[in-house]
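Asker: Residue numbers (this note's numbering): 242 to 514.
Below you'll find the structure I mean.
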């Protein structure tokens, strides 16, 4: 039986950050989802009847914490500065996502994760190198379906101030219109748009085992507009002239009751007796 679009369940890992908080809001206010579970290290400021929050340490996640879901959205991520060391940074950006993906392999149909625009394990930029390593190891897990989103600089209201990202946001705000053609992927992207794009990918994205979406693609993804059939006017509904035209011709009794044929059959029957 074909499943109804409005009966979906989702798990969001890391629902307190910039993208994660926007995504939780988008999913909870979506008619397609009836259940949204967030796994986070602290309480959310957001509340909703569809929402269940599990406060967990990612060091102690167990298989029972990852129940069945149509999609698992992994929004974990930090900076090296905030993490305090390379080891701690890689723990949040590589080890935890891989652990969650491994646990989810048997109980989730689609794993959707935020990476970075320049992800490449051979990159000279450490951050991109780490993200490239994560992508490679996720692909090696052979998940039922994996979608990797690679946004450019994220724009939105963060709870903590990041000087470098704020400066980059201001610069790109003026430069964005000049980035056209192949350069469009370098435009900054609003966190709320990325959240919406991830929802669109979950519902209507490619069904390939692994799909990577760059920032330009993410910026252009929107929910399809439902086409509503125009209402039938009263004149069309009660078009008696049209109804009369479609009436069948009157039935001819001579056709239905072919008396000559009936009499011939009676004579034949009597002669055989």
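Note that beta-carbon positions come from the ideal geometry of N, C-alpha and C, so glycine has one too.
Bear in mind that the values here come from a model prediction, so they are computed numbers and not experimental data.
1. I'd like to check one pair, residue 314 with residue 251: are the Cβ atoms closer than 8 angstroms?
2. Assuming residue 255 and residue 316 are in contact, meaning their beta carbons sit under 8 angstroms apart, how far apart are those beta carbons, in whole angstroms?
3. Helix, strand or coil: which one does DSSP assign to residue 363?
4. Name the two residues that bound the continuous beta strand (DSSP E) containing residue 567.
5. Label residue 257 either buried or exposed according to how many other C-beta atoms from any shown protein chain fall within 10 Å of its C-beta, with 16 as the threshold for buried.
6. Any chance the stretch 386–401 sits against the stretch 352–361, with 3 or more Cβ pairs inside 8 angstroms?
7. Assign residue 274 to one of two classes, buried (16 or more other C-beta atoms within 10 Å of its C-beta) or exposed (fewer than that).
8. Measure the beta-carbon distance from residue 196 to residue 282 and round it to whole angstroms, keeping in mind my assumption that it falls under 8 angstroms.
9. I need the DSSP call for residue 297, collapsed to helix, strand or coil.
10. Buried or exposed: where does residue 411 fall if 16 or more other Cβ atoms within 10 Å of its Cβ makes it buried?
11. How should residue 402 be labelled, buried or exposed, when 16 other C-beta atoms within 10 angstroms of its C-beta is the threshold for buried?
12. Can the beta-carbon of residue 433 be found closer than 8 angstroms to that of residue 397?
13. Which term fits residue 466, buried or exposed, when burial requires 16 or more other beta carbons within 10 angstroms of its beta carbon?
14. Looking at the structure shown, is residue 352 part of a helix, part of a strand, or coil, going by DSSP?
15. Quick check on DSSP: helix, strand or coil for residue 344?
16. Rounded to whole angstroms, what is the Cα-Cα separation between residue 243 and residue 428?
17. I'd like the list of long-range same chain contacts for residue 386, defined as Cβ closer than 6 angstroms, with 5 residues on each side in sequence excluded.
18. Is residue 442 helix, strand or coil when you go by DSSP?
19. Smallest Cα separation from residue 293: which of 441, 307, 334 and 353?
20. Locate the alpha helix (DSSP H) running through residue 265, then write down its first and last residues.
21. Mapping DSSP to helix, strand and coil, what is residue 455?
22. Using 10 angstroms around the beta-carbon of residue 326, count the other beta-carbons present and answer buried if the total reaches 16, otherwise exposed.
23. Suppose you measure from the CA of residue 303 to the CA of residue 340; what does that come to, to the nearest Å?
24. Leaving out five residues before and five after residue 342 in sequence, what residues of the same chain have Cβ atoms less than 7 angstroms from its Cβ?
25. For the alpha helix (DSSP H) that contains residue 321, what are its first and last residues?
26. Could you check which residue in 439, 446, 448 and 457 has the C-alpha nearest to that of residue 519?
27. When the Cα of residue 430 is compared with those of 344, 248 and 259, which residue comes out closest?
28. Quick one: Cα of residue 409 to Cα of residue 261, how far?
Answerer: The relevant details are as follows:
1. Less than 8 angstroms separates the beta-carbon of residue 251 from that of residue 314.
2. About 4 angstroms separates the two Cβ atoms, so the contact holds.
3. It is coil, neither helix nor strand.
4. Outside the modelled stretch of the chain, which goes from 242 to 514, sits residue 567, for which no answer is possible.
5. Its Cβ being crowded by 16 or more others within 10 Å, residue 257 is buried.
6. Contact annotation: the stretch 386–401 touches the stretch 352–361, with at least three C-beta pairs closer than 8 angstroms.
7. The Cβ neighbour count for residue 274, taken over all protein chains shown within 10 Å, is at least 16; the residue is labelled buried.
8. Since the first residue shown for the chain is 242 and the last is 514, residue 196 is missing from the structure and cannot be characterised.
9. Annotated three-state conformation of residue 297 is coil, per DSSP.
10. Annotation note: pLDDT 49 at residue 411 (below 50); position unreliable, coordinate value reported separately. In this structure residue 411 is exposed. Its beta-carbon is surrounded by fewer than 16 other beta-carbon atoms within 10 angstroms.
11. For residue 402, the predicted model reports a pLDDT of 46, less than 50, meaning its position is unreliable and no value from the coordinates is stated.
12. The answer is yes: Cβ separation under 8 angstroms.
13. Per the 10 Å Cβ criterion, exposed.
14. Reduced to three states, the DSSP call for residue 352 is strand.
15. Of the three classes helix, strand and coil, the one that applies to residue 344 here is helix, per DSSP.
16. The predicted position of residue 243 is uncertain, since its pLDDT is 44 and thus under 50; a value taken from the coordinates is nonetheless stated next. Approximately 39 angstroms between the Cα atoms of the pair.
17. Closer than 6 angstroms at Cβ, skipping near neighbours: 351.
18. Of the three classes helix, strand and coil, the one that applies to residue 442 here is helix, per DSSP.
19. In this structure, 307 is the residue among 441, 307, 334 and 353 with its C-alpha nearest to the C-alpha of residue 293.
20. Segment 259–269, the alpha helix (DSSP H) holding residue 265.
21. Strand.
22. Exposed: under 16 other Cβ atoms inside 10 Å.
23. If you take the alpha carbons of residue 303 and residue 340, they lie about 10 angstroms apart.
24. Within the same chain, residue 342 has close Cβ partners 352, 379, 382 and 384.
25. Under the DSSP assignment, residue 321 falls in the alpha helix (DSSP H) whose first and last residues are 321–324.
26. In the structure as shown, the chain starts at 242 and stops at 514, and residue 519 therefore has no counterpart that could be examined.
27. The shortest Cα separation from residue 430 among 344, 248 and 259 belongs to 259.
28. Any reading at residue 409 must be qualified, since the residue scores a pLDDT of 48, below 50, and its modelled position is unreliable; no value is offered.
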